[in-house]
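> Counting in UniProt numbering, the sequence shown runs from 1 upward without gaps. Even glycine gets a Cβ: it sits at the ideal position worked out from N, Cα and C.
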Amino acid sequence: MNDSPDPRTCLPAHRQPELRVMPMPADLNPEGNVFGGWIMSMVDIAGAIPAHRRARSRVATVAVNSFAFRQPVSVGDLVSFYAEVVATGRSSVTVDVEVYAERDLENPVVVKVTEARLTYVALDEHGRKQLVPPASPAAPERPAPPSHS
Ligand SMILES: CC(C)(COP(=O)(O)OP(=O)(O)OC[C@H]1O[C@@H](n2cnc3c(N)ncnc32)[C@H](O)[C@@H]1OP(=O)(O)O)[C@@H](O)C(=O)NCCC(=O)NCCS
């Protein structure tokens, strides 16, 4: 009997991924799954996007607060990276990133593969940390979606 929990799920409703990528054979580890460092790199890029948007400036990754690989990623999976700001400090922006793999696109199965929390620091044009501006309704966290008229 297999007692392991069923990892199948759905992509998050009403959210847009920051990145959607299909890993290539060059991204595999010797066991034939996607190399963890590839996923970590993509998570860092995806998390930096809402951090940059929130800080309204360049950002640098200051910490990977947590990172959990829940399921392997295989070549041929379509991998989606969802990222959202969960906290802001004086100069820091903390972002949660959730990663989902869509397997077998003809008979789709969605699996949550990775969860991470990263902290970014807002930087000025000289690369020095600076204050994160107050949240403003005039500068939304995400651009409005295109209208289809
Ligand atoms: C980012 C950098 C400019 C911050 O400068 P610093 O003087 O060390 O900054 P601080 O220690 O005051 O920390 C800045 C903010 O990050 C937060 N922070 C620092 N380390 C943290 C950690 N391990 N976890 C969570 N938050 C952390 C601090 O709490 C602070 O937040 P706040 O301003 O909102 O209160 C500097 O550390 C740096 O250049 N790091 C290298 C960044 C880089 O190259 N990243 C790419 C990955 S290699």
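Can you look up Arg-103 in the DSSP assignment and give me helix, strand or coil?
Within the sequence shown, the letter at position 103 stands for residue 103. Reduced to three states, the DSSP call for Arg-103 is strand.
> Just to confirm, is the Cβ distance from Pro-7 to Lys-112 under 9 Å?
Here residue 7 corresponds to residue number 7 of the sequence shown, with the count starting at 1. Here residue 112 corresponds to residue number 112 of the sequence shown, with the count starting at 1. Yes. Within cutoff.
> Any idea if residue 151 is buried or exposed, counting beta-carbon neighbours within 10 angstroms, 16 or more meaning buried?
Here the chain covers residues 1 to 149 and nothing more, so residue 151 does not appear.
> Measuring from each Cβ to the nearest heavy atom of ligand 1, keep the ones under 5 Å and list them in chain order.
That query returns the following residues: Ala-60, Thr-61, Val-62, Ala-63, Gly-89, Arg-90, Ser-91, Ser-92, Thr-119, Val-121 and Lys-129.
> Alpha carbon to alpha carbon, how far is Glu-106 from Arg-90? Give it in angstroms, no decimals.
Start at 1 with the first residue of the sequence shown, and residue 90 comes out as number 90. Start at 1 with the first residue of the sequence shown, and residue 106 comes out as number 106. Distance between the alpha carbons of Arg-90 and Glu-106: 47 Å.
> Use the C-beta contact count for Met-22: other C-beta atoms within 10 angstroms, 16 or more gives buried, fewer gives exposed.
By one-based count along the sequence shown, residue 22 stands at place 22. Exposed, by the Cβ-count rule.
> In the structure shown, what three-state DSSP assignment does Met-1 receive?
The residue given as residue 1 occupies position 1 in the sequence shown. Unreliable positioning characterises Met-1 in this predicted model, as indicated by a pLDDT of 46, which lies under 50. The coordinate reading is nonetheless provided below. Coil.
> Which residue marks the beginning of the beta strand (DSSP E) containing residue 156, and which one marks its end?
Here the chain has residues from 1 to 149 only, and residue 156 is not among them.
> Can you have a look at Ser-66 and say buried or exposed, based on whether 16 or more other CB atoms are within 10 angstroms of its CB?
Start at 1 with the first residue of the sequence shown, and residue 66 comes out as number 66. Exposed.
> Which residues bound the beta strand (DSSP E) around Leu-131?
Locating residue 131 in the sequence shown gives position 131, counting from the first residue. Careful: Leu-131 lies outside any beta strand (DSSP E) and carries neither H nor E.
> Hey, could you find the ends of the beta strand (DSSP E) Ala-13 is sitting in?
Your numbering for residue 13 matches position 13 in the sequence shown. Counting along the chain, Ala-13 falls outside any beta strand (DSSP E), and DSSP gives it neither H nor E.
> For Val-59, which residues from the same chain have a beta carbon less than 8 Å from its beta carbon, with the 5 sequence-adjacent residues on both sides left out?
Numbered from its first residue, the sequence shown carries residue 59 at position 59. Taken in chain order, the residues that qualify are Ala-48, Ala-51, His-52, Val-93, Tyr-120, Val-121, Ala-122 and Leu-123.
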